[in-house]
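For the sequence shown, counting from 1, position 169 maps to 174 in my numbering; every step adds exactly one.
Where is the CB? At the ideal position from N, CA and C, for every residue including glycine.
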Amino acid sequence: MYGIRRSWNSHRSAKHIQRWFQTYSAAQSETGHIDWAQEKLHMPSQMTPAYVEQWKKERIEYLSSIEDVEIDSEILLKLKNSVSMPKTKFPNRSVSGAPSLESRQLIADRVYEWQEKTLPEESLFILHDGPPYANADVHLGHAVNRIVKDIIIRFKVMEGRRVSYIPGWDCHGLPIELKVLDNVRSSKENKGKQVKLSPIETRTLARKHADSVIQRHMENFRQWGTMGDWDNLYKTMNPQYELRQLEVFRAMVREGLIYRRDKPVYWSLQTQTALAEAELEYNGQHKNIAATIKFPIKNLGRLKEYPALESVSQIGAIIWTTAAWTVPANRALAVGPKIVYQVVHSSETGYLVLAQSRVDWLSELLGGVKFTSVVENIPAEILTSCEYINPMYDSAPAKIFLANFVSSESGSGIVHLAPGHGMDDYLVCQDHGIPPYSVANSVGKYDTSVPDELDFLIGQGCFTAGRDKVIEILIDSKSLVHVDRNYIHKYPYDWRSKKPVMIRSTAQWFANVGKIKDETIAAISDVQFIPDSGRSRLTSFVRDRSEWCISRQRAWGVPIPALYDSESGEALLTDDSVAHIIEEIKKVGIDSWFEEELDTSHWVAPEYRKDGVTYVKGSDTMDVWFDSGTSWTLMQKKFGKLRENRQSLVDIYIEGSDQHRGWFQSSLLTYTASNRNGKVPYGTLLTHGFTLDTEGQKMSKSLGNVAEPGAVAFKGYRGAPAVGVDGLRLWVAQSEYTTDISFSTMVIKRVVDLLSKIRRTFKYILGVLDQFSGTKVPYRELSPIDKFALYGLYNFEKTAKSAYSQHSFFKVVQATSNHLAHFSSTFLNSCKDSAYTDHLDSQRRRSVQTVFAYALRIYISVLSPILPFLTQEVWNYMPESMKNSETEFSPFVAGWFDAPEEWNNLKLASDFEAVGIISEELKLLLNTARENKIIGSSLDAVVYISVKDLAKFNTLLGEYVPSLAEFFVVSRVDVVDPLTAKALARGFEFSSDLLSLTSDGPEVKITISQPWLEKCPRCWQYHSESPSALCHRCEDVLAKH
6 MYGIRRSWNS HRSAKHIQRW FQTYSAAQSE TGHIDWAQEK LHMPSQMTPA
56 YVEQWKKERI EYLSSIEDVE IDSEILLKLK NSVSMPKTKF PNRSVSGAPS
106 LESRQLIADR VYEWQEKTLP EESLFILHDG PPYANADVHL GHAVNRIVKD
156 IIIRFKVMEG RRVSYIPGWD CHGLPIELKV LDNVRSSKEN KGKQVKLSPI
206 ETRTLARKHA DSVIQRHMEN FRQWGTMGDW DNLYKTMNPQ YELRQLEVFR
256 AMVREGLIYR RDKPVYWSLQ TQTALAEAEL EYNGQHKNIA ATIKFPIKNL
306 GRLKEYPALE SVSQIGAIIW TTAAWTVPAN RALAVGPKIV YQVVHSSETG
356 YLVLAQSRVD WLSELLGGVK FTSVVENIPA EILTSCEYIN PMYDSAPAKI
406 FLANFVSSES GSGIVHLAPG HGMDDYLVCQ DHGIPPYSVA NSVGKYDTSV
456 PDELDFLIGQ GCFTAGRDKV IEILIDSKSL VHVDRNYIHK YPYDWRSKKP
506 VMIRSTAQWF ANVGKIKDET IAAISDVQFI PDSGRSRLTS FVRDRSEWCI
556 SRQRAWGVPI PALYDSESGE ALLTDDSVAH IIEEIKKVGI DSWFEEELDT
606 SHWVAPEYRK DGVTYVKGSD TMDVWFDSGT SWTLMQKKFG KLRENRQSLV
656 DIYIEGSDQH RGWFQSSLLT YTASNRNGKV PYGTLLTHGF TLDTEGQKMS
706 KSLGNVAEPG AVAFKGYRGA PAVGVDGLRL WVAQSEYTTD ISFSTMVIKR
756 VVDLLSKIRR TFKYILGVLD QFSGTKVPYR ELSPIDKFAL YGLYNFEKTA
806 KSAYSQHSFF KVVQATSNHL AHFSSTFLNS CKDSAYTDHL DSQRRRSVQT
856 VFAYALRIYI SVLSPILPFL TQEVWNYMPE SMKNSETEFS PFVAGWFDAP
906 EEWNNLKLAS DFEAVGIISE ELKLLLNTAR ENKIIGSSLD AVVYISVKDL
956 AKFNTLLGEY VPSLAEFFVV SRVDVVDPLT AKALARGFEF SSDLLSLTSD
1006 GPEVKITISQ PWLEKCPRCW QYHSESPSAL CHRCEDVLAK H
């Protein structure tokens, strides 16, 4: 064949050896191993050492007698062309840069449109989008959020479920208002000028700014391959959205949950507006002044009953505070009902009263002052009979009250109460009929509310010069016991300005969420939280909150529809009034509320129009958390009827872990307050963490450690290569995103390596599937190697699907990485010989292609939610014979491939554990031979598995022996007794120790040695009778070629 000549001596010994090997091969194919006692091998049943030596001598003589003929280049080319190497046009690398519009439309828009029209409505899965803030450009946090959401809905589509994902944006609020004001002030025409915008001007510019940011956001989000209903996105500034929000507010008014009250709130001095708890962040390194002050007790009350105090005229009540600036606003003192107190004396301080357990603390604070105990074990109730005066001026006597929040764990056990500047202070004083009293204006300076005796404080900063003046007065009056001017503690900051807030009393609108607290907590009992810790976080935020300050002093927002009597200032806020205002807004637009009008009567409901009574419109707008918290109304409008028998309105909310106190909570509260039906807006709450740099710090523009998604994807990040969109998505998926997510060059390089490995695997599989007919070999006809590969694919597919169902995408990536390594080192490696050198129509090659076809479908199923661009590209290059119809334009149309149960062959898997023991030991032996430069390829060796108990080995692994050479990628595997293994060893020999294949199975020894046959020039297997001769298989293949 092909001019290849064979030449050997035809003496009797050579013919005998040739005949022996032909018989040998026939016997191996029948039994799977050689029984050297069989007579048909022309060998004696008992081999003596003398016979073995004679046999080896004859074989060696035969081999040395072969006269090889060099194969010419033309024949070698024909041999090369007869090998079926993988062939595909699938590119080695993805296209650099951003994905084309066409590819984006295919994997996102067309897929979303198809599933919306095709998949059954009753299967609908709703992911409700938490609106990002439309103020600044995208960052990695946006990428994490959007990609996680996209992976979830893509998996649902793969499962055959219809999905709804309507992207949204949060558009109102202070940051946008400040941004447009800054833009106006920094413009050339206004540089250096004092610019003040009217509410309408502010709103016009803010709306334009939000729209421009949304367009930039949307372009990035779509570039990342995220699909959704982009044509019907929602914005909190859309008129219909604002009207639905006002209807929720109206429902809460109707339920009696909205009221106006003068009480302390968190106040931003920079932006001059009230803040909600969710708008705060706490700085643990806040530097402050801590003052220890004595308040003079003028009326000792029942303390006089103690004989030791009969002649004492004045005692100082010790308080410790980090808010000395509030002493001018003091209205009472508080003591703990379960704390016992003590009166002490020293020459330095005079008589003092404080918690008995805090005397040592005070002594240490004062540098070791020795106190003499005057009266011990004084109940708190005794102190409530006393009266004191303000240490800064000669005030009217004030009371001492019991308060549960007072602790003896820190401070003095006595607290000074300024009900206009402290939450607890306010609540205690309210119980005793003392109104809030604030001495600070909106910019944090003392105002005219200060006592007349302290009017010199007016206009001075409460946190700066004014506070220093208070300390000075306390020193002069000998009331300051101690001061620490560098006290470090945790303090609330405005999360936008990053400056400390002030607690000050102002008239604000509140929602009484305490009234619905119990039913709100009960409603989330059936909600799934991912991670589980989210349940306790959200529950604690709801439980600890009784009031929600919903009013803000800004122009860019949804107005609180309250009217005020122009003379008395009394607010008008009723169901009828709000309903009328909503109808008016529908007619004239919401901006009209913010216009200056001489006649506001059209805003007044007919039943409130009385002669002589005029009203003015309120200027407060709603908290932006109220805005976004009512986004569920869109879902209710679209899907309310479809979901009326469900406990939750939508299936899942997904946002950052900070949203337990933000959007998750505001959505829950507004839904519960306006529906009161025991249901919840969401069935699952999933939270992701923040992105961290290599130092573990949260990424922040102020720190300069932000990584921009576009740079990571298309330009490269700090020496790491550009990863593309699929790389960006893979980075998100491989992260344990429910905790904070580390981002570094090292992580990106790992992502690039894995993505490259996935792409190379796809290319190889597509190459092997060239000319695949689409007809698969039935499972029962597959080889054990094929079945073992399918067993691995079965477990991989089930593991990945389970991980997707739990939203644990990092487990999908881990499973993919692990399976790629296993599949490559076992099946991809072992099947090359059959895939390349068998005839195209051979059963073995078609079996290999069958496994590859299944592997391709499973890899596409598993990876499509994460890498939709890559899998769509693979789909485009996949043989048409593997697609069910021409309408299957995408993997998402084909759906998830479920591995059949027959692949879950547990016996085979158990048997291959024993095969794996042999394989691992064999790898060590082959590596040793390579390191000694004895062999190059593993095909340069034959393997002898020597076992004393052949019957036991047959029972365990006999059926797999014909496949072992292919599985181990060696030229031959023989199972023999120990004597025969020794007899067959030639040229080189490396052997293992005895191995136990199972707990009670046979012990085997592995030996590798030089083959007795020659290397086939086509398949490189050592199955030829001379170096220039083809093996029998290759001869057969070429005969059909």
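Going by Cα to Cα distance, which pick from the options is closest to residue i?
i       : options                             : result
Arg785  : Pro91, Gln848, Arg734 and Gln819    : Gln848
His177  : Pro564, His426, Phe972 and Ser606   : Pro564
Ile1013 : Gly1006, Ala986 and Lys1020         : Ala986
Leu845  : Gln670, Asp1041, Lys495 and Gly464  : Asp1041
Ala956  : Pro1016, Val1009, Leu422 and Trp366 : Val1009
Gly355  : Val379, Leu927, Phe669 and Glu588   : Val379
Leu262  : Ser417, Val253, Pro269 and Met640   : Val253
Leu930  : Phe973, Asp916 and Lys888           : Phe973
Gly921  : Lys184, Met90, Glu182 and Ile790    : Ile790
Met887  : Leu238, Ala858 and Lys703           : Ala858
Ser997  : Asp758, Ser671, Ile950 and Thr1003  : Ile950
Ile770  : Asn97, Val583 and Leu84             : Asn97
Ser852  : Ile865, Leu833, Val867 and Ser869   : Leu833
If you follow the beta strand (DSSP E) that residue i is part of, which residue opens it and which one closes it?
i       : result
Phe995  : Glu994 to Ser996
Val618  : Taken as a continuous stretch (DSSP letters only), Val618 belongs to no beta strand (DSSP E), as it is neither H nor E.
Val420  : Ile419 to Leu422
Ser351  : Val345 to Ser351
Ser1014 : Glu1008 to Ser1014
Trp272  : Ile263 to Ser273
Asp499  : Leu485 to Asp499
When burial is assigned at 16 or more other CB atoms within 10 Å of the CB, is residue i buried or exposed?
i       : result
Glu35   : Confidence at Glu35 is low in this model, with a pLDDT of 42, below 50, so its placement is unreliable and the value that follows should be read with caution. Answer is exposed; the Cβ neighbour count stays below 16.
Met163  : buried
Ser217  : exposed
Glu602  : exposed
His214  : buried
Pro312  : exposed
Asp570  : exposed
Ala328  : buried
Phe631  : buried
Asn650  : exposed
Glu127  : exposed
Tyr1027 : buried
Thr933  : exposed
Gln513  : buried
Asp187  : exposed
Just reading off the alpha helix (DSSP H) that residue i is part of, what are its end residues?
i      : result
Phe815 : Phe814 to Phe828
His222 : Pro204 to Gln228
Return yes when at least one heavy atom of the ligand MN lies under 7 Å from the C-beta of residue i, else no.
i      : result
Ser101 : As for the ligand MN, it is missing from this structure, which has no ligand bound.
Report task. Only counting runs of 3 or more residues, tell me where the beta strand (DSSP E) segments fall wholly within the segment 503-574, in order along the chain. Result -> 507-516, 533-535 and 568-570
Query raised in the report: Between the segment 527-539 and the segment 306-317, are three or more C-beta pairs nearer than 8 Å?
Result: no
Query - Given 8 Å, three or more beta-carbon pairs between the segment 412-430 and the segment 354-363 - result: yes
Query raised in the report: Is there contact between the segment 142-150 and the segment 696-710, where contact requires at least three CB pairs shorter than 8 Å?
Result: yes
Query - the segment 744-760 in contact with the segment 895-903 per 3-pair CB rule at 8 Å - result: no
Query raised in the report: Can you list, in chain order, the stretches of the alpha helix (DSSP H) that have 4 or more residues and sit fully within the segment 110-184?
Result: 116-123 and 145-163
Query raised in the report: Should the segment 713-733 be regarded as contacting the segment 672-692, the criterion being three or more beta carbon pairs within less than 8 Å?
Result: no
**Report entry** Whole alpha helix (DSSP H) elements within the segment 376-422, 4-residue minimum
**Finding:** 385-388
**Report entry** Stretch pair the segment 905-915 + the segment 788-797: three plus CB contacts closer than 8 Å
**Finding:** yes
**Report entry** At least 3 beta-carbon pairs within less than 8 Å: the segment 483-492 vs the segment 286-301
**Finding:** yes
Query raised in the report: Hey, which unbroken runs of the beta strand (DSSP E) at 3 residues or more fall wholly within the segment 943-1000?
Result: 947-952, 977-981 and 994-996
**Report entry** the segment 401-408 contacting the segment 364-376, beta-carbon criterion three pairs below 8 Å
**Finding:** no
Report task. Report yes or no: do the segment 274-285 and the segment 504-513 share at least 3 C-beta pairs separated by less than 8 Å? Result -> yes
Requested in this report: Return the chain-ordered ranges of every alpha helix (DSSP H) run that is complete within the segment 893-937 and spans a minimum of 4 residues.
Outcome: 896-899 and 911-936
Query raised in the report: Can you list, in chain order, the stretches of the beta strand (DSSP E) that have 3 or more residues and sit fully within the segment 632-681?
Result: 653-661
**Report entry** Contact between the segment 202-214 and the segment 517-525 (3+ Cβ pairs under 8 Å)
**Finding:** no
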